[in-house]
Ligand code: FES
Ligand code: FES
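Residue numbers (my numbering), protein chains in the order written: chain A, 3 to 758; chain B, 114 to 279.
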């Protein structure tokens, strides 16, 4: 799931050299198009299900053709609710010249599917599709060659439709199916990655909008989510943790465990390994009660501070400073600017908060310890479990089952490891599900961020100087359960690109600015909260700070913020999304905050840009602010995304709706709270998310670019959305919010400050 | 004292202790896939079922309190719908489920048990809900993936389909 375990020889990665994304990202939304494909499961391996990963330099690792003229695609990417399986099938069916109905995928399984690293960073279609496409093109080329030999004609006089190869112009007189040519036998072909792929003008399926393949079962309640799996004879397990994590490095250290405290619960048993404490019982409710009632005295950690004081601490802590961008003389040119605007911005810890807590099921009763889980990376999870149990990886089989949307590294590794520990200890299958407070209290949160931004313009409205300083800590590479079981303090990413640095794309790179400095100040994670990638990692924070600064410059110039951005944008694709969002919203030129009203409820509109790394996002927000209660309602959001070739624009639109709703939730409501003793936001009341009655209407626009490579579409409009809402707040009230979430209390305080 | 509950038109003897939340009985004894765990705190709607047509949270309803109420889960919605509408045959899907597919509404789909059950409760009583009524009625049901806009649209689509069906 991160760069550390990437495979340099990975054909899919090599195809996208410009993809420097930090590795661990996980955004929930990977998306759409890409499949991941990196290594196709060798048909043989698939049949024999030997411990993998299969060799991904073999066409058979990716594709199998069956006697009934259907095909199976093996990919290393999972469905996270974003529809990437459907996009993947579109790409494969397109290149193979088969129909969607003839092609299916298989679940991720370390015995069968290739190691393509995590489904993350909106990478599914981005990284996976080129490799899959190339493998499918090579398979088609081979099948055509064989068909030519069989039918006694040159391959170029053949045509294919629905997996039936026929001689062109003969009206189906001579024909043979893929199934007849290869039926369930291996290609035995080295994956080359050089077979000619179809040109976009001949696409029949790619770019179209076939419906998602998983929805009918999900709608009917017949789909099997991870949480639905049960196997005969299994036990139910629960982890036992303090309510709310302490600082990173303190973990959950039991000083004493009183097993007699659950003696009244029939069959309940305590399982310990190192500092790990869990309980099992035959009946689920008994396991829940045992976890609740077990008397444990936990070691206290050093004082943690609070979610309000964390920013001062970040600012003061000794940090590792990195110049992320450095061009010209930003500080010097700031002196020459006609207007300079800048401020400090405070952005909270936020939680993945999957709708259903994570769940895993481990079965030790066969040759291998078989674990079913919702991990985004079956291979990495397998390795971690092997390390904890001290057994070879080949003794473990990990299978992926979709849970509820996870948006990054929620507690799925923890559930996986806890199930493995308890199944090994009891010799029986154990199903572990986290409780709501475990999941919210022991998440690996999206880290808090403090930004100090300053930018200057000349009288003509050209941005001539830009400075961004950002403070945050990094991400954990271990999990709470592995730290406990191994009785280690936990490890964090020590540095390198990405995880702990400010994203240079989101901090002004969309504008042509001759003098620009971006500095990242990374604090060590010790005694902060556990950090990890949360969908569109820190992009909401960067955009909230940077794009409000841009709007302030426009306002200082008395310029329409759309016009101001147009003037400064340095790239036609950024301009494309900006214009698309503005057009969808029927944007009317206006100086922001120039028409304030005294009514109780005031309305405003805002516009902003943002992305994660490789795609392009823009948004317009229409909001209302109740000046008496401080409540903000996002009424309507318009978003535009350019993710290159959108394999299935309908999937991208649906993703955008999810991103923009979630971004609204994050900028208006979400904040992990903690006090000296630990995290206090442990349920949906203390960690509120956007609710049904509050949701905005959303108008997503996909800027389709058939000739450009597919890039991520699962997180790239979130930053723009958050910033557009913040800019709309200023338009409505004439006041700037420098901290999110923009809760009623903070809004009232800001409005009060404006009056004094 | 043996407990019996009535679920989707059938009587079920329950072996769980009386203090067990109904949700665990539905998942682990009846092996239903509709009701599912989300919070266990009556805060999210993941575990929702109908009790005599009224939506309840099965995670906070102990099984001994169910009594004689007829429980309908997601699985039983098509049949309940057929009964309510006096249809001769039970449709494969409740019109709401069909609308969720038609509108391509869901993401992970995990919250759709509760969304469907709650919206079915609404449409059974209010065939022509306004947008404000839908928002208010559905507000206790979280969708973390953020698919609310299309849930809204799907409920409107289903309402129109139901009215047409008579
Ligand atoms: S699981 Fe019952 S309301 Fe959340
Ligand atoms: S679709 Fe995932 S929680 Fe609603």
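For each residue, glycine too, the CB sits at the ideal point set by N, CA and C.
>> If you reduce the DSSP assignment to three classes, tell me which class residue 2 (chain A) lands in.
In response: In the structure as shown, chain A begins at 3 and stops at 758. Residue 2 (chain A) is therefore absent and cannot be evaluated.
>> Please report the straight-line C-alpha distance between residue 250 (chain B) and residue 140 (chain A), rounded to a whole angstrom.
In response: Residue mapping note: residue 250 (chain B) aligns to position 137 of the second chain, counting from 1. Residue mapping note: residue 140 (chain A) aligns to position 138 of the first chain, counting from 1. Distance between the alpha carbons of residue 250 (chain B) and residue 140 (chain A) is about 54 Å.
> In three-state DSSP terms, what is residue 274 (chain B)?
Replying inline: By one-based count along the second chain, residue 274 (chain B) stands at place 161. The answer is helix: DSSP assigns residue 274 (chain B) an H, G or I state.
> Are any of the Cβ atoms in chain B nearer than 8 Å to that of residue 217 (chain A)?
Replying inline: Working through the first chain from its first residue, we reach residue 217 (chain A) at position 215. By this cut-off, residue 217 (chain A) is an interface position.
> Taking all protein chains shown into account, do 16 or more other C-beta atoms lie within 10 angstroms of the C-beta of residue 756 (chain A), making it buried, or fewer, making it exposed?
Replying inline: Residue numbering aside, residue 756 (chain A) sits at position 754 when the first chain is read from its first letter. Residue 756 (chain A) is exposed by the Cβ-count criterion.
> Going along the region 677-701 of chain A in order, which residues come within less than 9 Å of chain B, judged by CB to CB distance?
Replying inline: Going along the region 677-701 of chain A in chain order, one finds 685, 686, 687, 691, 692, 693, 694, 695, 696, 697, 698, 699 and 700 with a Cβ nearer than 9 Å to chain B.
> Name the residues in the region 334-360 of chain A whose C-beta lies less than 7 Å from a C-beta of chain B; which are they?
Replying inline: 355, 356, 357 and 358
>> Can you pull out the residues from the region 182-212 of chain B whose beta carbon lies closer than 7 Å to at least one beta carbon of chain A?
In response: Answer set for the region 182-212 of chain B: 187, 188, 206 and 210.
> Name the residues in the region 204-229 of chain A whose C-beta lies less than 8 Å from a C-beta of chain B; which are they?
Replying inline: 213, 214, 216, 217, 218, 220, 221, 222, 223, 224, 225, 226, 227 and 229
> If you draw a straight line from the alpha carbon of residue 710 (chain A) to that of residue 221 (chain B), how long is it in whole angstroms?
Replying inline: On the first chain, residue 710 (chain A) is found 708 positions in, with the first residue counted as 1. On the second chain, residue 221 (chain B) is found 108 positions in, with the first residue counted as 1. For residue 710 (chain A) and residue 221 (chain B), the distance between alpha carbons rounds to 28 Å.
> Do residue 564 (chain A) and residue 571 (chain A) have their CB atoms nearer than 8 Å?
Replying inline: The residue labelled residue 564 (chain A) in the question sits at position 562 within the first chain. The residue labelled residue 571 (chain A) in the question sits at position 569 within the first chain. In this structure, residue 571 (chain A) does not lie closer than 8 Å to residue 564 (chain A) by Cβ.
>> Within the continuous beta strand (DSSP E) that includes residue 87 (chain A), where are the two ends?
In response: By 1-based counting over the first chain, the position of residue 87 (chain A) is 85. Residue 87 (chain A) -> not in any beta strand (DSSP E); alpha helix (DSSP H) instead, spanning 86-98.
>> I need the DSSP call for residue 71 (chain A), collapsed to helix, strand or coil.
In response: Taking the first chain and counting its residues from 1, the one referred to as residue 71 (chain A) is at position 69. In the structure shown, residue 71 (chain A) falls within a coil segment according to DSSP collapsed to helix, strand and coil.
> Using a beta-carbon distance below 8 Å, is residue 740 (chain A) in contact with chain B?
Replying inline: Here residue 740 (chain A) is taken as the residue at index 738 of the first chain, counted from 1. Judged by the 8 Å Cβ criterion, residue 740 (chain A) is not in contact with chain B.
> By the 10 Å Cβ neighbour count, where 16 or more other Cβ atoms means buried, how is residue 123 (chain A) classified, buried or exposed?
Replying inline: In the first chain, the residue the question calls residue 123 (chain A) occupies position 121. Bear in mind that the predicted position of residue 123 (chain A) carries a pLDDT of just 45, short of 50, making it unreliable; the figure below should be weighed with that in mind. The residue in question, residue 123 (chain A), is buried, as its Cβ has 16 or more Cβ neighbours within 10 Å.
> Taking buried to mean at least 16 other C-beta atoms within 10 Å of its own C-beta, is residue 167 (chain B) buried or exposed?
Replying inline: As a first step, residue 167 (chain B) is located in the second chain; it is residue number 54 there, counting from the start. Residue 167 (chain B) should be labelled exposed.
> Leaving out five residues before and five after residue 274 (chain B) in sequence, what residues of the same chain have Cβ atoms less than 6 Å from its Cβ?
Replying inline: Translated into the one-based positions of the second chain, residue 274 (chain B) becomes position 161. For residue 274 (chain B), where only same-chain residues beyond five positions count, the Cβ hits under 6 Å are 208.
>> Contact defined as beta carbons within less than 8 Å: I believe residue 634 (chain A) pairs with residue 659 (chain A). What is the distance between those atoms, to the nearest angstrom?
In response: Here residue 634 (chain A) corresponds to residue number 632 of the first chain, with the count starting at 1. Here residue 659 (chain A) corresponds to residue number 657 of the first chain, with the count starting at 1. Rounded, the Cβ-Cβ distance is 20 Å, inconsistent with contact.
> Span of the beta strand (DSSP E) holding residue 624 (chain A)?
Replying inline: The residue labelled residue 624 (chain A) in the question sits at position 622 within the first chain. Note, residue 624 (chain A): beta strand (DSSP E), 618-628.
>> By the DSSP assignment, the beta strand (DSSP E) with residue 168 (chain B) in it spans what residues?
In response: Here residue 168 (chain B) refers to the residue found at position 55 when the second chain is read from its first residue. According to the DSSP assignment, residue 168 (chain B) belongs to the beta strand (DSSP E) that extends over 167-170.
> Thinking C-alpha only, which one of A:603, A:687, A:640 and A:641 is nearest residue 731 (chain A)?
Replying inline: The residue given as residue 731 (chain A) occupies position 729 in the first chain. Of A:603, A:687, A:640 and A:641, the residue nearest in Cα terms is A:603.
> Going by beta carbon distance, what residues of the same chain come within less than 6 Å of residue 43 (chain A), once the five residues before and after it are set aside?
Replying inline: Walking along the first chain from the start, residue 43 (chain A) turns up at place 41. With a pLDDT of 31 at residue 43 (chain A), under the threshold of 50, the predicted position of this residue should be treated as unreliable, though the coordinate-derived value follows. Same-chain partners within the cutoff: 56, 63, 76, 114, 115 and 116.
> Just reading off the beta strand (DSSP E) that residue 474 (chain A) is part of, what are its end residues?
Replying inline: Here residue 474 (chain A) refers to the residue found at position 472 when the first chain is read from its first residue. Residue 474 (chain A) -> beta strand (DSSP E) spans 465-475.
> Do the region 232-243 of chain A and the region 266-283 of chain A touch if we need at least three Cβ pairs shorter than 8 Å?
Replying inline: Because the criterion of three Cβ pairs below 8 Å is met, the region 232-243 of chain A and the region 266-283 of chain A touch.
>> Could you give the first and the last residue of the continuous beta strand (DSSP E) run that contains residue 436 (chain A)?
In response: Looking up residue 436 (chain A) in the first chain gives position 434. Segment: none, residue 436 (chain A) is in no beta strand (DSSP E) and carries neither H nor E.
> Which same chain residues, not among the five before or five after residue 278 (chain B), have their C-beta less than 6 Å away from its C-beta?
Replying inline: The residue labelled residue 278 (chain B) in the question sits at position 165 within the second chain. There are no such residues.
> Going by beta carbon distance, what residues of the same chain come within less than 6 Å of residue 448 (chain A), once the five residues before and after it are set aside?
Replying inline: What you label residue 448 (chain A) is simply residue 446 of the first chain in a count that begins at 1. Same-chain partners within the cutoff: 352 and 536.
>> Under 7 Å: does the beta carbon of residue 159 (chain B) sit that close to some heavy atom of ligand 1?
In response: Counting from 1 along the second chain, the entry for residue 159 (chain B) is found at position 46. Yes.
> Are the CB atoms of residue 743 (chain A) and residue 672 (chain A) nearer to each other than 8 Å?
Replying inline: Here residue 743 (chain A) refers to the residue found at position 741 when the first chain is read from its first residue. Here residue 672 (chain A) refers to the residue found at position 670 when the first chain is read from its first residue. Yes, the pair counts as a contact, with Cβ atoms nearer than the cut-off.
>> Given this structure, state the Cα-to-Cα distance separating residue 419 (chain A) from residue 670 (chain A), to the nearest angstrom.
In response: What you label residue 419 (chain A) is simply residue 417 of the first chain in a count that begins at 1. What you label residue 670 (chain A) is simply residue 668 of the first chain in a count that begins at 1. Going from the Cα of residue 419 (chain A) to the Cα of residue 670 (chain A) covers about 34 Å.
>> Need the endpoints of the beta strand (DSSP E) that residue 2 (chain A) sits in, please.
In response: The structure shown does not extend to residue 2 (chain A), since chain A is modelled only from 3 to 758, so the question has no answer here.
> If we count the other Cβ atoms within 10 Å of its Cβ and call it buried at 16 or more, is residue 253 (chain A) buried or exposed?
Replying inline: As a first step, residue 253 (chain A) must be located in the first chain, where it is residue number 251. Residue 253 (chain A) is buried by the Cβ-count criterion.
> Which term fits residue 745 (chain A), buried or exposed, when burial requires 16 or more other beta carbons within 10 angstroms of its beta carbon?
Replying inline: As a first step, residue 745 (chain A) is located in the first chain; it is residue number 743 there, counting from the start. Its Cβ being crowded by 16 or more others within 10 Å, residue 745 (chain A) is buried.
> Cβ atoms of residue 357 (chain A) and residue 407 (chain A): under 8 Å apart, would you say?
Replying inline: Within the first chain, residue 407 (chain A) is the residue found at index 405, counting from 1. Within the first chain, residue 357 (chain A) is the residue found at index 355, counting from 1. Yes. Within cutoff.
>> Against chain A, with Cβ distances strictly below 8 Å, would residue 241 (chain B) count as a contact?
In response: Here residue 241 (chain B) refers to the residue found at position 128 of the second chain. Judged by the 8 Å Cβ criterion, residue 241 (chain B) is not in contact with chain A.
>> Against chain B, which members of the region 276-294 of chain A pass a CB distance test of less than 8 Å?
In response: 285, 286, 287 and 290
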